[in-house]
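Note that the numbering used here has the sequence shown beginning at 258, numbered continuously upward.
Here is the structure we will look at.
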Amino acid sequence: MIDWNYDLIRTINNHYNRILNPSVDLFYFIRNFEEIYRMSISDEVLLPDIFHDVMLYTLNNVNARNKIIISEEEQFILDNILEQKRVIQQEKRQKAYEEGLDAYYKFIVDEVIEFVELYPFWSQLIIRKQ
258 MIDWNYDLIR TINNHYNRIL NPSVDLFYFI RNFEEIYRMS ISDEVLLPDI FHDVMLYTLN
318 NVNARNKIII SEEEQFILDN ILEQKRVIQQ EKRQKAYEEG LDAYYKFIVD EVIEFVELYP
378 FWSQLIIRKQ
């Protein structure tokens, strides 16, 4: 069981809902975390950067991904394929951050939108405002 820090996640979720349009539903992500995480590994698709942050928001400070038992094959994919993609993702995040908050927030949202375009059945990860 993952001991999510609901207070912290609620605070961050509310903050993003105020400033981002569209926004990201972090609660939808944590409610469906294991399924989304496993699917991303099996498809060799890197999760959006913001979700890597959310995986750290636990009460016991244990990354949520470390609470999921995975196969040797899945671990191989994580170590040899997704980790390389993650390094590139972190470089893009840093570049966006250095360009300013608008670029950084656009980076966050664009990654989730791309993920949802790939997996339309996870469309509730995006909150579209009028």
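Built from N, CA and C at the ideal position, the CB exists for glycine as well.
Note that the structure is predicted; figures quoted are calculated from it, not measured.
Pairing Ile365 with Leu265, the inter-Cα distance amounts to about 18 Å.
Here the region 286-302 does not lie against the region 344-360, with fewer than 3 beta-carbon pairs under 8 Å apart. Partner residues in the beta bridge of Ile384, as assigned by DSSP, are Ser280.
Taking the Cα positions, Ile334 is about 12 Å away from Met296. Per DSSP, the unbroken alpha helix (DSSP H) holding Ser299 starts and ends at 290-299. By the Cβ rule, the region 266-277 does not count as touching the region 315-326, because fewer than three pairs are nearer than 8 Å.
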